[in-house]
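Asks: Those protein sequences? They're chains A and B, same order as listed.
Taking this note's numbering, the leading residue of the first sequence gets 1, the next gets one more, and so forth.
Taking this note's numbering, the leading residue of the second sequence gets 112, the next gets one more, and so forth.
Just so it is clear, CB atoms sit at the ideal spot from N, CA and C, and this is done for glycine as well.
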Amino acid sequence: DAGITQSPRHKVTETGTPVTLRCHQTENHRYMYWYRQDPGHGLRLIHYSYGVKDTDKGEVSDGYSVSRSKTEDFLLTLESATSSQTSVYFCAIRDTEETQYFGPGTRLLVL
Amino acid sequence: QKEVEQDPGPLSVPEGAIVSLNCTYSNSAFQYFMWYRQYSRKGPELLMYTYSSGNKEDGRFTAQVDKSSKYISLFIRDSQPSDSATYLCAMSVRGTSGSRLTFGEGTQLTVNP
């Protein structure tokens, strides 16, 4: 399972509150990714990291920020959650090949 | 127009049937092609990947890539109820920064006993 954990696994929050999701990996992979998955859209890339303190935007980055202060942790922050950010969030790592392995996901509901 | 098109289904087949899942794409720069399986309320699980045209086989699964037609397929032989899941195709341009994957929407498959 590529040693990826995500926390929390489920979260309910209110509009306007900040939310931070955590992705933790145990295998020292350089590349880490945050995706969201929504019906009709599939998986879409939010942000990714190619090393400690090195991050870049994906296709749906508005309203999200990320940080990576250690190789093993990649944090996704919703500065002020909106109902449109209700989704399932997946973290992934890239292996030595051009393949990615996913964590179990975090279900976020913004009321 | 989406870069990767995949019929979302749902697709329902009897146990033992051969299943064919397909994706088309528009970006001729895509070089890596992957299939993921996702069970309900779980993360996507990598099934197969290839970077060349032709067929790649792994047990009951065969991945096929036709770059000239920009078309990829996943075949499942002797389908089992445990194959019931959503299947996502994904592709990327090899070597670009971060290796961004572009996903299809996913096809929901049900194999009926």
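In the DSSP assignment, the beta strand (DSSP E) including G84 (chain B) goes from what residue to what residue?
Replies: Residue 84 (chain B) lies beyond the range of chain B shown here (112 to 224); nothing can be said about it.
Asks: Along the beta strand (DSSP E) that carries D95 (chain A), what are the first and last residues, could you check?
Replies: Here residue 95 (chain A) corresponds to residue number 95 of the first sequence, with the count starting at 1. That residue, D95 (chain A), is in no beta strand (DSSP E); it is neither H nor E in DSSP.
Asks: Which bits of chain A does S203 (chain B) rub up against, with CB to CB less than 7 Å?
Replies: Working through the second sequence from its first residue, we reach residue 203 (chain B) at position 92. E98, listed in chain order.
Asks: On the three-state DSSP scale, how would you describe D73 (chain A)?
Replies: On the first sequence, residue 73 (chain A) is found 73 positions in, with the first residue counted as 1. Note: D73 (chain A) maps to strand in three-state DSSP.
Asks: Check whether the segment 168-177 of chain B and the segment 120-128 of chain B are in contact - that is, three or more C-beta pairs closer than 8 Å.
Replies: no
Asks: List the whole-angstrom C-beta distance separating Y31 (chain A) from L45 (chain A), where the pair is believed to meet the contact cut-off of C-beta under 8 Å.
Replies: Counting from one through the first sequence, the residue named residue 31 (chain A) turns up at place 31. Counting from one through the first sequence, the residue named residue 45 (chain A) turns up at place 45. Incorrect: roughly 12 Å between the Cβ atoms, too far for contact.
Asks: Contact defined as beta carbons within less than 8 Å: I believe S203 (chain B) pairs with T213 (chain B). What is the distance between those atoms, to the nearest angstrom?
Replies: As a working mapping, residue 203 (chain B) is identified with position 92 in the second sequence. As a working mapping, residue 213 (chain B) is identified with position 102 in the second sequence. Approximately 7 Å separates the beta-carbon atoms of S203 (chain B) and T213 (chain B); this is inside 8 Å, confirming the contact.
Asks: For S83 (chain A), does the three-state DSSP call read helix, strand or coil?
Replies: Looking up residue 83 (chain A) in the first sequence gives position 83. Helix at S83 (chain A).
Asks: Which of the residues in the segment 136-163 of chain B, read from start to end, lie with their CB under 9 Å from any CB of chain A?
Replies: Q142, Y143, M145, Y147, Q149, R152, K153, G154, P155, E156, L157, Y160, Y162
Asks: With a 10 Å radius around its C-beta and 16 neighbouring C-beta atoms as the bar for buried, classify R152 (chain B) as buried or exposed.
Replies: Numbered from its first residue, the second sequence carries residue 152 (chain B) at position 41. Its Cβ having fewer than 16 others within 10 Å, R152 (chain B) is exposed.
Asks: So, helix, strand or coil for S180 (chain B), using DSSP?
Replies: Numbered from 1 along the second sequence, position 69 holds the residue referred to as residue 180 (chain B). Coil.
Asks: Among A:T15, A:L21, A:T13, whose alpha-carbon lies nearest the alpha-carbon of L75 (chain A)?
Replies: What you label residue 75 (chain A) is simply residue 75 of the first sequence in a count that begins at 1. Nearest C-alpha to L75 (chain A): A:L21.
Asks: Out of A:D73, A:P18, A:H41, A:V110, state which residue places its alpha-carbon closest to the alpha-carbon of C91 (chain A).
Replies: Position 91 of the first sequence holds residue 91 (chain A). Here the closest residue by C-alpha is A:D73.
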